[in-house]
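Heads up: the sequence lines are chains B and R, in that order.
In this text, residue positions in the first sequence follow this note's numbering: the first is 58, and each later residue adds one.
In this text, residue positions in the second sequence follow this note's numbering: the first is 3, and each later residue adds one.
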Amino acid sequence: MADKTERFTLWYEETDGKDFPLVGKKNANLGEMIKAGIRTSPGFSITIAANEKFIVDTGIKEKIRKYLEELGQVTYETTKKASGFAMSLIESATIPAEIADDILADYKKLCELSRTDNIPVAVRSSGAISMPGQMETYLNIRGNKDLIEYVKKCWASAYNVEAIMYRANKGVGFLFNIGVGIPKMVNSRVSGVIFTLNTLNGDPSKISLDVSYGLGEAVVSGLVTPDSFLVDKVTLDIVKTTIGSKETQCVYREGGSDIVQAEVPKDQQEKLSVSLDEVQELCRLGKVIEEYYGKHYDIEFGIDADLTFPGSVIILQVRPESIWNKKEVTARTEKKSDPMERILSQLLTGVRMK
Amino acid sequence: MAKKTFMDPHDVPTIPGTEGWEKLYPYQYQFSNDDPERAAFESSQIWYYDGLHYPEPHFPFDIMWDEAWSLALSQYNTRHIIIPPAMGIDHRIVNGYVYITPVGIADPEVIQKRIPLFMERAGYYYKNWDKLYENWEKKVKALIGELEAINFTDLPEIEDISVVTEGKGVGSGYLLLKKYDDLINMGLLNWQYHFEFLNLGYAAYVTFINTCNQIFPGVPIATLTKMVSGIDVVMYRPDAELIRLAKLALDTGIDQLVLKPLKSAELMNELAKIPAGKEWLAELEKSRYPWFHISTGTGWYHHHISWNDNLDIPFDSIKMHINSIKEGKEVGRPTEKLIKERDKIVEEYRKLIKTDDDREAFEQVLGVARTVFPYVEDHLFYIEHWFHSIFWGKIRQIGQILQNAGFIENANEDIWFMRRDEIKQALWDYSTAWATGVKARGPSYWPKQITWRKGVYEKFKEWSPPPALGVPPDVVTEPFTIVLWGVTTDVLSEWLKGDDAGGDQNILKGSPGSSGVVEGRARVLKNVEELADLKEGEILVATTTSPSWAPAFVKIAGAITDVGGPMCHAAIVCREYGLPTVVGTGKGTRLIKTGDLIRLDGDTGIVEILERVNK
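Dropping the structure here:
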């Protein structure tokens with residue numbers, strides 16, 4: 058296999074944070090998370106080298122260089138023109154076979170992993186410098202033909218007016234190759250939220266977990282009462298289980314990428330939405346994330362219906378927990394000079410156990 | 003709303019046909035209205051059935067141990083260590099079943115006065131624990147040595163000439179009476195020793211549990227026990243010996259012979275014929291003393307015989323182990339894994355503590371809990387197993403004397419229907435008649451009595467003792483009551499619910515014993531001899547279990563017991579084997595039938611009967 062720097066595609070797990078010059082930051086970050094043991098949706102990056110080869114082989118690079126010379130001074134008007142020129146060139150070009158073959162071979166593997174033909178993926182731009190929200194991400198792309206089309210659209214989006222202006226302000230040149238990420242769209246059978254502490258009392262020895270059917274919006278927005286678990290962080294034993302009513306779920310509209318509500322069948326409502334193994338895997342991942350970042354975390358996850366356990370348990374988004382992390386921590390026990398004082402005080406108060 | 007209560011202890015009806023049963027037991031064990039003050043006390047207390055120790059009605063002789071622990075546990079709380087807010091545990095008997103109640107101290111001034119005494123006395127024990135415990139082991143082993151040495155035989159026709167030539171001046175009749183007293187006193191002393199450390203052990207353990215609950219609210223007791231559990235625990239040694247013998251049989255190639263479906267006596271004859279077999283038998287003898295002095299039950303009943311009493315039992319287990327090893331299964335306790343797991347758990351919890359004060363508290367209670375835990379785990383073997391097993395044998399010797407003298411018909415069965423003071427009387431009757439050269443009254447008195455008592459006992463057996471009598475307290479506080487018997491306020495309210503439910507109750511609530519959820523077919527076992535019926539993957543349902551059930555734990559998918567708290571044997575063992583367990587359901591063996599499909603949740607303590615086997 059070719060050297061990593063020369064390849065057109067790289068699986069997320071083949072890269073880490075240092076590889077952002079190869080695949081862009083967003084992709085490299087995913088690689089870094091996976092390396093840390095935080096499982097994300099499976100997928101691969103189309104490298105910046107692939108973008109470069111594409112614009113070289115198709116002659117686009119040369120055409121743009123010439124066009125920019127002709128345009129002369131950079132103004133808003135000329136930028137708009139350059140943007141239109143570059144984008145239509147890219148979108149109408151044909152991706153060289155060696156690149157397209159690599160992309161489609163990896164896509165095929167993703168389909169096999171998901172046990173589904175034409176598995177929906179996202180096509181996400183990933184620049185080697187941070188350009189928040191400047192370029193496009195496309196959801197629910199399926200099939201070889203569309204995938205190739207949208208990869209080009211994604212490459213082209215590096216030349217939309219905002220992106221060009223943003224780069225110009227940062228002193229970055231006009232020509233700009235980006236990485237593209239192709240993660241599987243998470244087909245959440247269930248989804249929910251993990252807090253790496255007891256959200257009720259801040260006890261750091263527990264993990265709180267809320268889960269319900271369908272996409273995460275139902276739990277995050279408080280649309281349903283989810284199944285909720287309190288889990289011992291050390292042993293991963295479940296300390297408390299509460300079955301939620303979970304009457305509705307959020308799902309993608311058939312064939313579309315917008316979200317609609319659907320009723321959960323009665324028998325499903327009454328059952329726990331996750332298995333014991335899934336609860337433990339989620340909590341294990343929660344622990345990994347907390348250890349990686351060094352504080353309590355608030356984590357969104359989905360369990361993918363197309364993938365097999367434990368690969369199906371996918372982390373969607375992580376952020377620091379916002380309440381208890383900021384609170385001052387006080388002792389939970391009284392100060393006693395020695396164990397005898399403690400035993401005495403215990404005997405005097407009596408014992409209340411659950 | 004009026005507080006829900008259990009039946010008043012004075013109102014429990016006598017079972018028809020057992021009238022006069024009271025004389026089978028000590029008079030102070032009766033609930034009585036004679037004294038209004040005492041009766042009012044009895045009515046105001048919560049009395050719970052001690053099914054942990056007594057799954058069956060009491061035999062008039064065997065109640066000796068109940069009296070022994072009543073005296074010993076209570077005296078250590080009340081008069082020795084001076085537990086500030088707690089007196090002893092009071093005992094009664096109803097229709098053959100023992101009920102107990104913790105007695106507290108209400109007056110705050112009295113409690114205050116007891117504090118400095120407690121600090122001095124308990125402090126001394128905790129500080130010098132290891133040295134005192136070493137001394138304890140010596141005392142108990144010396145006592146067992148004395149017990150081994152005492153033996154009982156029929157009185158001689160004529161005394162040996164040495165009584166004359168050595169000028170002894172005492173006779174065999176007197177010596178028989180004296181030795182009987184000595185034997186009983188040894189038994190009582192054994193129980194004095196039993197509680198020398200146990201009250202303090204439980205106090206430290208409960209402090210550990212509650213302090214950890216403050217730091218980590220809701221931390222499972224199972225996890226806490228893992229943090230302090232000893233690894234070299236004496237109670238696991240008997241099973242370890244069986245595994246050693248199983249492996250030895252495999253290594254020396256005599257496994258096929260050992261596996262032959264023969265009784266132990268025949269098998270030992272066969273083995274003695276070949277050199278490898280002889281060597282194996284020599285190793286067996288090494289294991290037997292003391293490790294086969296392990297009871298097949300809790301050790302509390304005379305019929306809880308030991309492995310040494312019936313070698314078929316350990317042989318069956320050795321065979322089970324040989325088969326398991328051949329199937330490539332892990333046998334015994336995964337010691338390495340347990341040590342690693344224990345250290346990892348403690349380390350991870352330590353890291354979760356966020357303040358220095360909490361860290362200090364945790365280290366304090368962990369340290370003291372680890373100091374006391376070996377005793378809490380190990381004392382059972384010395385007292386209830388080793389000592390008791392030998393002791394029962396000595397009483398059987400006396401049974402043989404009484405059978406030979408025509409007082410009773412069956413040495414093994416009848417003597418247990420006599421109270422220990424009645425045996426003394428019978429020995430007087432026997433000795434004086436022997437001395438005088440006349441016929442004793444015993445042969446015309448005891449057989450009739452025993453026949454009647456056996457009838458009463460059978461009726462007791464058919465009766466289901468209610469889990470509790472009297473008035474539940476707002477909160478249960480006595481450490482033994484909670485840790486050992488698993489009686490808490492919540493458990494009592496579950497028991498009250500059960501009182502209302504009809505026969506078709508499908509959900510039982512107990513205490514979480516060991517974490518996990520499992521579904522499977524139930525196997526209800528009354529005693530260890532039925533272990534052979536147990537099939538792979540079944541859920542064991544038993545009144546209680548003891549260490550001699552060890553071979554069962556590699557086969558089962560989970561366990562449910564009627565009685566016991568988080569520290570009972572089944573809970574401890576199942577945690578080690580990672581088997582989901584619910585303890586203290588109160589009535590699992592009555593409501594669940596072998597073959598029922600059940601689900602048990604070792605985290606919540608709930609057992610559900612999903613499908614009943616066709617009746």
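Note that beta-carbon positions come from the ideal geometry of N, C-alpha and C, so glycine has one too.
Anyone know if the C-beta pair for I85(R) and F33(R) falls short of 8 angstroms? no
Measure how close the beta-carbons of I341(R) and I233(R) come, nearest whole angstrom, since I'm counting them as under 8 angstroms. 6 angstroms
Can you find a CB in chain B that lies within less than 8 angstroms of the CB of S517(R)? yes
Which residues in chain R sit within 7 angstroms of T390(B), going by Cβ to Cβ distance? T213, Q216, I217, D359, D360 and A363
Contact check, N153(R) vs Q402(R), beta carbons under 8 angstroms: no
At a Cβ cut of 9 angstroms, what residues of the segment 119-149 of chain R count as close to chain B, listed as they run along the chain? F120, M121, A124, G125, Y128 and K129
Tell whether a beta-carbon distance below 8 angstroms holds between I103(B) and V208(B). yes
Do Q325(B) and T305(B) count as a contact pair if the criterion is CB distance below 8 angstroms? no
Secondary structure of I211(R), DSSP reduced to three states: helix
Unbroken stretches of the alpha helix (DSSP H), 4 residues or longer, contained in the segment 27-59 of chain R: 38-46
Return the residue from the list S289(R), Q258(R) and S266(R) that minimises the CA-CA distance to A278(R). Q258(R)
Give me, in chain order, the residues of the same chain whose beta-carbon lies closer than 8 angstroms to that of E285(R); leave out the 5 immediate sequence neighbours on both sides. R246, L247 and L250
Count the other CB atoms within 10 Å of the CB of F43(R); is the residue buried (16 or more) or exposed (fewer)? exposed
Have a look at W418(R) and F61(R) and give me their C-alpha separation to the nearest angstrom. 6 angstroms
Say whether chain B places a C-beta atom closer than 8 angstroms to the C-beta of D605(R). yes
Rounded to whole angstroms, what's the CA-CA distance from L167(B) to F77(B)? Just pull it up for me. 22 angstroms
Below 8 angstroms on the Cβ atoms is my guess for G522(R) versus I509(R); work out the distance and round it to an integer in Å. That belief does not hold up - the Cβ atoms of G522(R) and I509(R) are roughly 17 angstroms apart, past 8 angstroms.
Where does N197(B) sit, in a helix, a strand or coil, going by DSSP? strand
List the residues of chain B that E350(R) touches, going by C-beta distances under 7 angstroms, in chain order. V291
I need the DSSP call for A388(B), collapsed to helix, strand or coil. coil
Contact list for A205(R) against chain B, beta-carbon separation under 8 angstroms: I400, Q403 and L404
Give a yes or no on whether the minimum CB-CB distance between I156(B) and chain R is below 8 angstroms. no
Under a three-way DSSP split, which group does A213(B) fall into? helix
According to the neighbour-count rule (16 or more other Cβ atoms, all chains shown, within 10 Å of its Cβ), is V172(R) buried or exposed? exposed
Opening and closing residue of the beta strand (DSSP E) in which Y101(R) lies: Y99 to G106
So is D284(B) in contact with chain R if we call contact Cβ pairs under 8 angstroms? no
Is the shortest distance between the beta-carbon of G505(R) and the beta-carbons of chain B less than 8 angstroms? Only weak support exists for where G505(R) lies, its pLDDT of 49 falling under 50; the coordinates are left without a value.
Using CA atoms only, rank isn't needed, just tell me which of E343(R), S297(R), K511(R) and I211(R) is closest to V370(R). I211(R)
Could I get the ranges of all uninterrupted alpha helix (DSSP H) runs contained in the segment 64-94 of chain B, with 4 residues as the minimum, in chain order? 77-80 and 82-92
Can the beta-carbon of V520(R) be found closer than 8 angstroms to that of D289(B)? no
Which ranges would you report for the beta strand (DSSP E) in the segment 99-131 of chain B if only whole runs of at least 3 residues count? 100-103
Would you kindly check if the distance between the Cβ of I102(R) and the Cβ of W67(R) is under 8 angstroms? no
Three-state secondary structure assigned by DSSP to R341(B): helix
For G351(B), the three-state DSSP class (helix, strand or coil): coil
Could you tell me whether the segment 114-124 of chain B touches the segment 172-192 of chain B, using the rule of 3 or more Cβ pairs below 8 angstroms? no
T546(R) by DSSP, collapsed to three states: which one? coil
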